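Undergrad: The following block contains the structure, expressed as structure tokens.
2 protein chains.
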Amino acid sequence: MDFTDYPSGAPGHVPGAPIRAGIPEHGRIPKYYAVKNQVAALLDELGEGGLLPTERELALRFTVARETVRQALRELLLEGRLRRAGRGTVVAGPKLEQPLALASYTEGVRRQGRRPGRTLVGLDRFPCPPALAPDVGVEPGAPVWHMERVLLADDERVGVESTYVAVARVPHLNTEFPPDSSFYGYLRDSLGIGFGDADERLETVLATPREALLIGTPPALPMLLIHRLSRDTEGRPLERVRSLYRGDRFSFTTHLGSKR
Amino acid sequence: MDFTDYPSGAPGHVPGAPIRAGIPEHGRIPKYYAVKNQVAALLDELGEGGLLPTERELALRFTVARETVRQALRELLLEGRLRRAGRGTVVAGPKLEQPLALASYTEGVRRQGRRPGRTLVGLDRFPCPPALAPDVGVEPGAPVWHMERVLLADDERVGVESTYVAVARVPHLNTEFPPDSSFYGYLRDSLGIGFGDADERLETVLATPREALLIGTPPALPMLLIHRLSRDTEGRPLERVRSLYRGDRFSFTTHLGSKR
Numbered sequence: 487m488d489f490t491d492y493p494s495g496a497p498g499h500v501p502g503a504p505i506r507a508g509i510p511e512h513g514r515i516p517k518y519y520a521v522k523n524q525v526a527a528l529l530d531e532l533g534e535g536g537l538l539p540t541e542r543e544l545a546l547r548f549t550v551a552r553e554t555v556r557q558a559l560r561e562l563l564l565e566g567r568l569r570r571a572g573r574g575t576v577v578a579g580p581k582l583e584q585p586l587a588l589a590s591y592t593e594g595v596r597r598q599g600r601r602p603g604r605t606l607v608g609l610d611r612f613p614c615p616p617a618l619a620p621d622v623g624v625e626p627g628a629p630v631w632h633m634e635r636v637l638l639a640d641d642e643r644v645g646v647e648s649t650y651v652a653v654a655r656v657p658h659l660n661t662e663f664p665p666d667s668s669f670y671g672y673l674r675d676s677l678g679i680g681f682g683d684a685d686e687r688l689e690t691v692l693a694t695p696r697e698a699l700l701i702g703t704p705p706a707l708p709m710l711l712i713h714r715l716s717r718d719t720e721g722r723p724l725e726r727v728r729s730l731y732r733g734d735r736f737s738f739t740t741h742l743g744s745k746r
Numbered sequence: 487m488d489f490t491d492y493p494s495g496a497p498g499h500v501p502g503a504p505i506r507a508g509i510p511e512h513g514r515i516p517k518y519y520a521v522k523n524q525v526a527a528l529l530d531e532l533g534e535g536g537l538l539p540t541e542r543e544l545a546l547r548f549t550v551a552r553e554t555v556r557q558a559l560r561e562l563l564l565e566g567r568l569r570r571a572g573r574g575t576v577v578a579g580p581k582l583e584q585p586l587a588l589a590s591y592t593e594g595v596r597r598q599g600r601r602p603g604r605t606l607v608g609l610d611r612f613p614c615p616p617a618l619a620p621d622v623g624v625e626p627g628a629p630v631w632h633m634e635r636v637l638l639a640d641d642e643r644v645g646v647e648s649t650y651v652a653v654a655r656v657p658h659l660n661t662e663f664p665p666d667s668s669f670y671g672y673l674r675d676s677l678g679i680g681f682g683d684a685d686e687r688l689e690t691v692l693a694t695p696r697e698a699l700l701i702g703t704p705p706a707l708p709m710l711l712i713h714r715l716s717r718d719t720e721g722r723p724l725e726r727v728r729s730l731y732r733g734d735r736f737s738f739t740t741h742l743g744s745k746r
């Protein structure tokens, strides 16, 4: 399945690309956007991993101000077309494609031939607030865990995940569970709790300064946020999860209808 | 199902909210972010539709520079917490929640008690490029339609949609189809073509200047982009669709697993 979104700077009419991209109805293209299209075309020539010329060189090449080049590069960085590498800027690879139907981040990353990983940021235990209680299947005030982990793919930080689960369900989370491994794997193998089903809501948000710092992204990078409420195989409430993925590195795939 | 993301400025520990939001590990909160949290708390007091004080008034109230207030308001606008109304800025309502499993935009918007609509931007007919041919089930060079429509909910512009379909499948699209109605409804009722299934990819992108103009959003607003490749009930390729939704107005819901 090829979902390639063609660079909007490519010549002629390309399917799937924004049509007449960047040409407002009154026919005027903002200068930075014209430069963005020119740089996008250059990225295709350079190929993945190729080193971009400096801002100064690009400003000379396109005879525009450095500030104009900077605005164009900023958008290409936010969109994941470029990435910083050491002191330079290189052409980024395609976004990861995570199947939404897969409950497990670990499994999704593996299927793409990448190595999944997780780094523990914090594990807290606190009395369950009333709003959270039905989601984790306890009475208000009963103890719940909050586990926060940075998500990795081949050691690259790609997201941050907050899991809320009742202490009664997972009493030894703080001592037994290796935080760099799959939580669903632990539930299944050590506690005999199977993931049953989940409701999710997906939206785009801006990273908070703290989240940007944790993930190592530019501030105000658009992120994909997934809220999940999951139940075990018996239909009992299991956990509430807030997963934030870098918008420049992740996409999600899904299938509608019964046939495949 | 309550997926409420609590305002990050709310006091205490709220489930689902970014934990210690905005507090980087070194403990320093950027000034604009502190103001953003203060304004977010104010939005809760004002309630949906409430009129926000002016930038000048907010700058005086929080004793910060107007530029600092402007940065905070810019993020709240991009996130859909605020919206422009005439010359003022008001508290926005919650994001629309569109079920991803629903093929039809029309049906999804109706279920939320809003009135769906569409405005035709353009309808072109062109020889099918090789890359598009398998997606619409024709030989390269055969004629295809490209239909571009702005998506409306209660007359509010919320997205823009590009549909590619073979002229051989829908010969009279330009004369028979009312462009403000449901395309799947037309296929079914007038041509006996049923929607079968589809593969989709969802990502976040920035609006191009032209798209921002069409939808009436600030430039560089984060958008949710859905690529769709769909087939009819017989499994034959039907259409390729590129749908762009305002990131500040839309979220998508989905269900994982077999139980509901």
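As you go down the protein sequences, you meet chains A and B in turn. Per the working numbering, residue 487 is the first one in the first sequence, and the count goes up by one each step. Per the working numbering, residue 487 is the first one in the second sequence, and the count goes up by one each step. By construction, the Cβ of each residue, glycine as well, lies at the ideal position given by its N, Cα and C atoms. Keep in mind that this is a model prediction, so the values were computed, not measured.
(1) Let's test the definition: count the other Cβ atoms within 10 Å of the Cβ of Gly566/A and tell me whether it reaches 16, buried, or not, exposed.
(2) Run the CB neighbour count on Val610/A, radius 10 Å, all protein chains shown included, and call it buried at 16 or more, exposed below.
(3) Should Pro657/B go down as buried or exposed, given a rule of 16 or more other Cβ atoms within 10 Å for buried?
(4) Is Ser676/B helix, strand or coil when you go by DSSP?
(5) For a cutoff of 8 Å on Cβ pairs, would you count Val577/A as touching chain B?
(6) For the alpha helix (DSSP H) containing Ala526/A, name the first residue and the last one.
(7) Does chain A have any CB closer than 8 Å to the CB of Arg506/B?
(8) Round the Cβ separation of Lys522/B and Glu561/B to the nearest angstrom and send it over; I've been treating them as touching at under 8 Å.
(9) Tell me the DSSP secondary structure of Phe738/B in three-state form.
(10) If we cut at 8 Å on Cβ distances, does Arg687/B have a partner in chain A?
(11) Considering only their Cβ atoms, is the gap separating Ala639/B from Val595/B smaller than 8 Å?
(12) Let me see if you follow: with CB-CB separation under 8 Å, is Leu586/A close to chain C or not?
(13) What's the call for Gly627/B, buried or exposed, on a 16-neighbour Cβ count within 10 Å?
(14) Only counting runs of 4 or more residues, tell me where the alpha helix (DSSP H) segments fall wholly within the region 658-729 of chain A, in order along the chain.
(15) Quick one, which residues of the region 526-554 of chain A are near chain B if we go by CB-CB under 8 Å, in chain order?
(16) Quick check on this structure: which residue in Phe681/A, Leu730/A, Leu692/A and Ser729/A has the alpha carbon closest to the alpha carbon of Thr719/A?
(17) From the DSSP output, in three-state form, read off Leu546/A for me.
(18) Please report the straight-line C-alpha distance between Pro615/A and Ala652/A, rounded to a whole angstrom.
(19) Quick check: is the beta carbon of Ser676/A nearer than 8 Å to any beta carbon in chain B?
(20) Using a C-beta to C-beta distance shorter than 7 Å, which residues of chain B count as neighbours of Val691/A?
(21) Examine chain A for any beta-carbon lying closer than 8 Å to the beta-carbon of Thr703/B, and answer yes or no.
(22) Please list, in chain order, all residues of the same chain as Glu634/B whose beta carbon is under 6 Å from its beta carbon, the five residues on each side excluded.
(23) Quick one: which unbroken alpha helix (DSSP H) runs of 4-plus residues sit fully inside the region 564-638 of chain B? Chain order, please.
(24) Count the C-beta pairs between the region 737-744 of chain B and the region 668-675 of chain B that are closer than 8 Å, then say yes if the count reaches three, no if not.
(25) Taking the C-alpha atoms as reference points, what is the distance between Tyr650/B and Leu700/B?
(26) Within the chosen definition, does the region 548-560 of chain B reach the region 714-731 of chain B through at least 3 CB pairs nearer than 8 Å?
(27) Taking only the alpha-carbon atoms, compute the straight-line gap between Phe736/A and Ile679/B and give it to the nearest angstrom.
(28) Counting only beta-carbon atoms, is Phe669/B nearer than 8 Å to chain A?
(29) DSSP three-state label for Ala551/A, please.
(30) Identify whether Leu538/A lies in helix, strand or coil by the three-state DSSP scheme.
(31) Have a look at the DSSP bridge pairing and note the partners of Val646/B.
(32) I want to verify the contact list: residues of chain A whose CB lies under 8 Å from the CB of Lys581/B, in sequence order.
(33) Can a CB atom of chain A be found closer than 8 Å to the CB of Glu561/B?
(34) Name, in chain order, the residues that DSSP records as bridge partners for Val651/A.
(35) In terms of alpha-carbon separation, which member of Leu711/A, Leu637/A, Arg573/A and Val622/A lies closest to Pro602/A?
(36) Compute the Euclidean distance between the alpha carbons of Asn660/A and Ala684/A, then round it to the nearest angstrom.
TA: In terms of the structure at hand:
(1) Here Gly566/A is buried: its Cβ has 16 or more other Cβ atoms, across all protein chains shown, within 10 Å.
(2) A small correction: the amino acid at residue 610/A is Asp; Val does not occupy that position in the sequence shown. It is exposed - the Cβ of Asp610/A has fewer than 16 other Cβ atoms within 10 Å.
(3) Exposed, by the Cβ-count rule.
(4) helix
(5) Cβ-Cβ to chain B under 8 Å: no for Val577/A.
(6) Lys517 to Leu532
(7) Note on Arg506/B: pLDDT 48, under 50, position unreliable in the model; no value is reported.
(8) 6 Å
(9) Of the three classes helix, strand and coil, the one that applies to Phe738/B here is strand, per DSSP.
(10) Output row for Arg687/B: interface = yes.
(11) yes
(12) Going by chain labels, chain C is absent from the structure shown, which instead holds the protein chains A and B.
(13) exposed
(14) 659-662, 669-677 and 695-701
(15) So the list is empty, because no residue satisfies the distance condition.
(16) Phe681/A
(17) Helix at Leu546/A.
(18) Between Pro615/A and Ala652/A, the alpha-carbon positions lie close to 12 Å from each other.
(19) no
(20) Correct list: Glu565.
(21) no
(22) Within the same chain, and ignoring the five residues on either side of Glu634/B in sequence, the residues whose Cβ sits closer than 6 Å to its Cβ are Val607, Gly608 and Ser648.
(23) 591-597 and 619-622
(24) no
(25) 19 Å
(26) no
(27) Ile679/B has its alpha-carbon roughly 34 Å from the corresponding atom of Phe736/A.
(28) no
(29) When secondary structure is reduced to three states using DSSP, Ala551/A falls in the coil class, being assigned neither helix nor strand.
(30) coil
(31) Val636/B and Leu730/B
(32) Glu689
(33) For Glu561/B, the closest Cβ of chain A is nearer than 8 Å.
(34) Trp631/A and Glu725/A
(35) Nearest neighbour of Pro602/A by Cα position, chosen from Leu711/A, Leu637/A, Arg573/A and Val622/A, turns out to be Leu637/A.
(36) Whole-angstrom Cα-Cα distance: 24 Å.
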